[in-house]
Amino acid sequence: MADQRRRNSFSGNLPAGTLPTLPARTGPTPVPSLPPKQPNAERFLPALGPAPSPTQAQASSSGITAATSGSLASTNDMLQAMKQRALDRSRETYKQGRSKSVPKSAGSSRADSGRIRQGRPQLPVRRPERVDAEELNRNLAAKLQPLEQVTNSILAAVEERKGGGGTPLAKATCKDFIVGRANCAASSVVTLYPDRLEYKFSHNTQGRIDMVMYMKDILAPELDRKFLVLKFRVGKPLRHFIDSYDCTDPQHILSLTFHDKADASQFQELLTSSCKLALKVSGEQ
Numbered sequence: 017m018a019d020q021r022r023r024n025s026f027s028g029n030l031p032a033g034t035l036p037t038l039p040a041r042t043g044p045t046p047v048p049s050l051p052p053k054q055p056n057a058e059r060f061l062p063a064l065g066p067a068p069s070p071t072q073a074q075a076s077s078s079g080i081t082a083a084t085s086g087s088l089a090s091t092n093d094m095l096q097a098m099k100q101r102a103l104d105r106s107r108e109t110y111k112q113g114r115s116k117s118v119p120k121s122a123g124s125s126r127a128d129s130g131r132i133r134q135g136r137p138q139l140p141v142r143r144p145e146r147v148d149a150e151e152l153n154r155n156l157a158a159k160l161q162p163l164e165q166v167t168n169s170i171l172a173a174v175e176e177r178k179g180g181g182g183t184p185l186a187k188a189t190c191k192d193f194i195v196g197r198a199n200c201a202a203s204s205v206v207t208l209y210p211d212r213l214e215y216k217f218s219h220n221t222q223g224r225i226d227m228v229m230y231m232k233d234i235l236a237p238e239l240d241r242k243f244l245v246l247k248f249r250v251g252k253p254l255r256h257f258i259d260s261y262d263c264t265d266p267q268h269i270l271s272l273t274f275h276d277k278a279d280a281s282q283f284q285e286l287l288t289s290s291c292k293l294a295l296k297v298s299g300e301q
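This is the structure in structure tokens:
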């Protein structure tokens with residue numbers, strides 16, 4: 017009966033646009049209902065769709081296979097093209113570097129290939145020249161002539177030393193010996209023979225040297241009676257004085273100084289008479 021009166025209270029005439037006022041509800045406030053709690057697997061995993069049918073799976077697999085085959089084919093084509101370009105660049109670089117060092121052969125069958133070594137032109141064959149025996153002998157004789165002269169000079173000196181000896185004509189004590197740029201202040205006995213003079217020369221590096229001066233080799237002999245000096249030249253090189261005496265230099269002389277005036281006078285007389293030497297005398301008092 018009360019519910020009937022509540023419904024009737026809402027059904028009264030209300031002005032337009034006016035909502036009916038509900039009476040205050042007595043009792044506890046109703047709690048809104050919550051959706052049912054889902055398990056963790058259902059909350060965190062996405063909803064799975066229904067499994068595809070066998071026809072749909074086969075069609076999808078065919079599409080994936082076709083797409084993969086096309087991608088592999090295009091990748092293979094790209095790799096082949098890159099490989100071909102690399103080979104072309106390598107050949108071009110090889111040909112450019114090789115063309116600077118080795119000229120290309122005109123008859124090469126594979127001139128465009130950088131891996132084939134080009135053939136070198138064949139060198140002409142040299143035939144042995146005919147040797148003129150007479151000309152060869154003349155050239156050899158011209159080259160051996162200086163050696164022959166030296167050999168003859170050595171042999172002549174040896175023969176002269178072997179033939180030395182005889183009775184000396186005179187002896188005298190002398191000092192201040194000079195041979196070109198070399199000099200010796202030590203005294204030595206000078207022995208006069210009909211064909212030679214003999215004395216000893218003390219060299220600073222070679223020790224005492226036996227000096228043998230043959231009359232036939234003595235040039236421009238001169239005796240200075242004032243200073244008692246006998247000087248002369250020799251017209252050939254001296255074996256022990258190669259660096260000191262130059263036979264072609266007129267300023268290079270050999271000299272010795274007598275101790276006594278009597279010895280100088282005796283040598284002067286013997287050199288002109290017995291030795292037949294054209295002695296020049298200077299410094300007469």
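Per this note's numbering, residue 17 is the first one in the sequence shown, and the count goes up by one each step. All C-beta atoms in this analysis are idealised placements derived from N, C-alpha and C, irrespective of residue type, glycine included. Quick caveat: nothing in here was measured; it's all calculated off a predicted structure.
Residue i to residue j span [Cα, whole Å]
{"i": "residue 164", "j": "residue 222", "result": "28 angstroms"}
{"i": "residue 158", "j": "residue 138", "result": "40 angstroms"}
{"i": "residue 90", "j": "residue 113", "result": "35 angstroms"}
{"i": "residue 296", "j": "residue 204", "result": "24 angstroms"}
{"i": "residue 264", "j": "residue 243", "result": "26 angstroms"}
{"i": "residue 213", "j": "residue 183", "result": "12 angstroms"}
{"i": "residue 99", "j": "residue 93", "result": "10 angstroms"}
{"i": "residue 198", "j": "residue 283", "result": "24 angstroms"}
{"i": "residue 281", "j": "residue 189", "result": "13 angstroms"}
{"i": "residue 329", "j": "residue 145", "result": "Residue 329 lies beyond the residue range present for the chain, which begins at 17 and ends at 301; the question has no answer from this structure."}
{"i": "residue 285", "j": "residue 245", "result": "15 angstroms"}
{"i": "residue 155", "j": "residue 148", "result": "11 angstroms"}
{"i": "residue 153", "j": "residue 162", "result": "15 angstroms"}
{"i": "residue 239", "j": "residue 227", "result": "19 angstroms"}
{"i": "residue 206", "j": "residue 220", "result": "20 angstroms"}
{"i": "residue 231", "j": "residue 291", "result": "7 angstroms"}
{"i": "residue 166", "j": "residue 235", "result": "21 angstroms"}
{"i": "residue 88", "j": "residue 135", "result": "45 angstroms"}
{"i": "residue 160", "j": "residue 275", "result": "47 angstroms"}
{"i": "residue 95", "j": "residue 111", "result": "24 angstroms"}
Residue i vs residue j beta-carbon contact at 8 angstroms
{"i": "residue 210", "j": "residue 293", "result": "no"}
{"i": "residue 273", "j": "residue 191", "result": "yes"}
{"i": "residue 299", "j": "residue 249", "result": "no"}
{"i": "residue 225", "j": "residue 268", "result": "no"}
{"i": "residue 233", "j": "residue 252", "result": "yes"}
{"i": "residue 247", "j": "residue 218", "result": "no"}
{"i": "residue 208", "j": "residue 185", "result": "yes"}
{"i": "residue 287", "j": "residue 195", "result": "no"}
Simplified DSSP state of residue i, which is helix, strand or coil
{"i": "residue 242", "result": "coil"}
{"i": "residue 226", "result": "strand"}
{"i": "residue 110", "result": "helix"}
{"i": "residue 300", "result": "coil"}
{"i": "residue 281", "result": "helix"}
{"i": "residue 87", "result": "helix"}
{"i": "residue 218", "result": "strand"}
{"i": "residue 163", "result": "helix"}
{"i": "residue 169", "result": "helix"}
{"i": "residue 127", "result": "For residue 127, the pLDDT reaches just 48, beneath the cut-off of 50, and the residue's location in the model is therefore unreliable, leaving the point undetermined."}
{"i": "residue 294", "result": "coil"}
{"i": "residue 145", "result": "coil"}
{"i": "residue 156", "result": "helix"}
{"i": "residue 139", "result": "coil"}
Sheet register partners of residue i (DSSP bridge)
{"i": "residue 274", "result": "190"}
{"i": "residue 11", "result": "Residue numbering for the chain in the displayed model covers 17 to 301; residue 11 lies beyond these limits and cannot be assessed."}
{"i": "residue 234", "result": "250"}
{"i": "residue 195", "result": "198, 270"}
Beta carbon proximity, residue i to chain D, threshold 8 angstroms
{"i": "residue 298", "result": "The question asks about chain D, but that chain is absent: this structure has only one protein chain."}
Residue i: CB within 7 angstroms of a non-hydrogen atom of the ligand ZN
{"i": "residue 161", "result": "Although the ligand ZN was asked about, the structure shown includes no ligands whatsoever."}
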